[in-house]
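For the record, in the sequence shown the residue sitting at position 359 is 359 according to UniProt numbering, with numbers rising by one throughout.
Where is the CB? At the ideal position from N, CA and C, for every residue including glycine.
Since the structure is predicted, the reported quantities are computational estimates derived from the model, not experimental observations.
Inspection log for the structure reproduced underneath, given as structure tokens.
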Amino acid sequence: MRIAYCLKPKIMQIDNNQLLRFTTAGSVDDGKSTLIGRLLYDSKSIFEDQLEAIETTSKKKGHQGVDLALFTDGLRDEREQGITIDVAYRYFTTPKRKFIIADTPGHIQYTRNMITGASTANAAIILVDARHGVIEQTKRHAFIASLLQIPHIIVCINKMDLVDFREEDYNKIIAQFEEFSSKLLVRDVRFIPISALLGDNVVKRSENMNWYQGSPLLDTLETMHISSDINKVDGRFPVQTVLRPQSEEHRDYRGYAGRISSGIFRKGDEITVMPSGFTSKIKSIDTFEEELDEAYAPMSVSITLEDDIDISRGDMIVRTKNKPESSQDLEVMLCWLNNESAKPRTKYVVRHTSNEQMAMIKEVIYKIDINTLSRKNDDKELHMNDISKVKIRTTKPLMYDSYRENRMTGSLILIDPATNQTVAAGMIV
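Now the structure itself:
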């Protein structure tokens with residue numbers, strides 16, 4: 001039996017079931033894994049057997065106390081080298097909110113891992129070493145967070161204990177980051193001075209930095225408003241399957257099941273089925289438990305229509321007066337994830353919402369120099385971790401929105417049909 005460590009165990013009452021996904025990013029040794037370990041440790045979200053195992057490993061490595069980074073560095077190579085290689089997902093809950101953490105690597109060669117971990121995040125925590133300030137890797141991760149349209153960025157200026165908790169060092173780094181981030185598309189940036197090792201301003205307010213009047217990190221994560229992060233305007237319902245129960249109770253039932261990508265659907269709404277263009281009205285919205293008057297993203301429901309229309313997996317139900325774009329030719333910001341380079345005119349499987357078809361990369365428009373963030377117009381070869389703007393042509397039109405407007409219908413992946421490996425992730429421009 002696994003018991004979360006605390007002196008007086010008690011049942012935690014969850015008042016808010018809202019889930020927040022956040023990712024951590026930063027340069028090597030900025031303290032990402034230590035910060036997550038501190039969050040888990042101080043919020044009492046660690047099981048006793050985990051704590052005992054980490055304490056034993058810490059003693060073997062000669063540490064005086066518990067090495068908090070070991071709570072997330074789960075691979076053997078990570079523990080031996082003291083670095084994060086793979087994306088480590090951790091889950092914890094407080095009385096106010098549930099969390100999924102993606103601890104992503106800081107090394108340049110693991111750029112693809114950061115993109116994978118951050119692709120679904122509501123917030124990104126970017127760590128900055130208070131001694132070094134904003135460096136090249138900080139800018140790189142801020143750029144990727146902007147590229148992925150992560151709505152909230154929290155800049156944690158870590159290791160404040162090593163600069164004697166000086167406010168002037170904190171303000172200097174804020175000025176450095178704001179000068180750079182003014183060029184990016186970032187809506188919400190917050191700054192918190194912390195010491196992940198000592199716990200200052202992580203879960204509890206720091207007594208060493210009375211000059212900081214803001215909230216500690218955990219309180220910031222618990223109270224951050226994320227309801228508006230989901231697109232509630234553009235109604236998009238990709239159909240995953242057609243439900244035909246053929247039972248006595250539901251003999252004539254024909255429901256279109258899937259997960260609402262964005263927007264709100266209500267009974268009686270006028271809808272259009274794409275790509276066919278046929279129109280109808282919503283007759284009912286059903287879940288396993290009950291019939292609903294309305295449903296919204298990211299709910300999974302079954303929708304029935306007043307008219308019989310030929311609809312199958314990959315089609316999209318949208319509101320008639322609010323349709324997405326439809327095209328076979330797309331411009332996409334692409335991150336190449338595969339060890340093997342992209343092959344010219346090679347056919348890949350493109351997976352977009354519930355739609356799956358063949359596609360090929362027609363042209364590499366430019367690549368992003370991940371070190372300087374400048375464009376490289378002459379280099380057209382795509383290698384692992386490369387980020388580039390490309391033109392893609394699909395065999396049939398895709399129904400999409402730009403990634404900036406809708407992260408769900410604006411994203412896609414490319415799959416090698418021979419190996420079934422995901423070779424690239426893309427954001428439609």
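Going straight from the alpha carbon of residue i to that of residue j, what length do you get?
| i | j | result |
| --- | --- | --- |
| residue 452 | Leu185 | Any question about residue 452 goes unanswered here, given that the chain covers just 1 to 429. |
| Phe143 | Ala53 | 37 Å |
| Ser146 | Arg187 | 9 Å |
| Thr104 | Asp315 | 34 Å |
| Asn201 | Asp229 | 26 Å |
| Asp42 | Ile173 | 27 Å |
| Thr419 | Thr346 | 14 Å |
| Leu148 | Gly117 | 11 Å |
| Asn231 | Glu289 | 26 Å |
| Ile14 | Lys96 | Because Ile14 carries a pLDDT of 41, less than 50, the predicted location of this residue cannot be relied on, and the following value inherits that uncertainty. When rounded, the distance between both Cα atoms is 6 Å. |
| Lys321 | Glu167 | 53 Å |
| Thr23 | Ser280 | 41 Å |
| Ala123 | Leu35 | 15 Å |
| Val155 | Ala121 | 15 Å |
| Lys343 | Leu382 | 8 Å |
| Thr424 | Lys323 | Reading off the sequence shown, one finds Ala at residue 424, where the question assumed Thr. Going by the C-alpha atoms only, they are around 27 Å apart. |
| Thr272 | Asp286 | 19 Å |
Report the residue from the options whose alpha carbon sits nearest the alpha carbon of residue i.
| i | options | result |
| --- | --- | --- |
| Thr138 | Leu39, Lys60, Asp29 | Asp29 |
| His250 | Glu363, Ser215, Thr304 | Thr304 |
| Arg236 | Lys60, Lys204, Ile260 | Ile260 |
| Thr395 | Asp200, Val350, Leu35, Ile100 | Val350 |
| Leu334 | Glu340, Val155, Lys391, Ser327 | Lys391 |
| Leu243 | Asp234, Ser276, Ser302 | Ser302 |
| Arg319 | Lys343, Ile311, Gly268, Asn338 | Gly268 |
| Glu178 | Arg190, Gly31, Arg38 | Arg190 |
| Lys204 | Ser27, Arg21, Met384, Leu39 | Leu39 |
| Phe265 | Tyr253, Ala297, Phe288, Gln246 | Ala297 |
| residue 450 | Ser119, Glu136, Asn371, Met384 | What is shown of the chain runs 1 to 429, which leaves residue 450 out entirely. |
| Ile370 | Arg112, Lys96, Thr56 | Arg112 |
| Glu356 | Ser215, Pro95, Pro344, Pro238 | Pro238 |
| residue 433 | Phe22, Asp329, Arg407, Ala359 | Only positions 1 to 429 of the chain appear in the structure, and residue 433 is not among them; the question remains open. |
| Gln18 | Gly26, Lys98, Ile115, His141 | Lys98 |
| Glu270 | Val233, Ile317, Ser33 | Ile317 |
| Lys44 | Glu248, Thr93, Thr56 | Thr93 |
| Lys32 | Ile101, Leu20, Ser326 | Ile101 |
| Asp310 | Gly26, Ile135, Gly255, His152 | Gly255 |
Among the residues of its own chain, which have a CB less than 8 Å from the CB of residue i, if the five just before and after it don't count?
| i | result |
| --- | --- |
| Gly410 | Tyr400, Asp401, Ser402, Tyr403, Arg404, Met427, Ile428 |
| Gln240 | Ala257, Gly258, Arg259, Arg313, Ser354 |
Given residue i, which residues of its chain have a CB within under 7 Å of its CB, disregarding the five upstream and five downstream residues?
| i | result |
| --- | --- |
| Asp386 | Trp336, Lys367 |
| Leu162 | Ala130, Arg131 |
Looking only at its chain, what residues have a beta carbon closer than 6 Å to the beta carbon of residue i, apart from the 5 residues adjacent to it on each side?
| i | result |
| --- | --- |
| Lys283 | Thr304, Leu305, Glu306 |
| Asn212 | In the sequence as displayed, the identity of residue 212 is Tyr instead of Asn. The residues are Pro193. |
| Leu412 | Val350, His352, Gly426 |
| Lys380 | Val364 |
| Ala175 | none |
Run through the region 270-316 for me and flag every whole alpha helix (DSSP H) of 4 or more residues, listed as ranges in chain order. none
Restricting to runs no shorter than 3 residues, where is the beta strand (DSSP E) found entirely within the region 84-134? 88-93, 98-103, 123-129
At 4 residues or longer, what runs of the alpha helix (DSSP H) sit wholly inside the region 166-237? 167-181, 217-223
Mind the definition here: the region 266-281 touches the region 360-377 only if three or more C-beta pairs lie below 8 Å; say whether that holds. no
Every unbroken alpha helix (DSSP H) inside the region 336-397 [4 residues or more]: none
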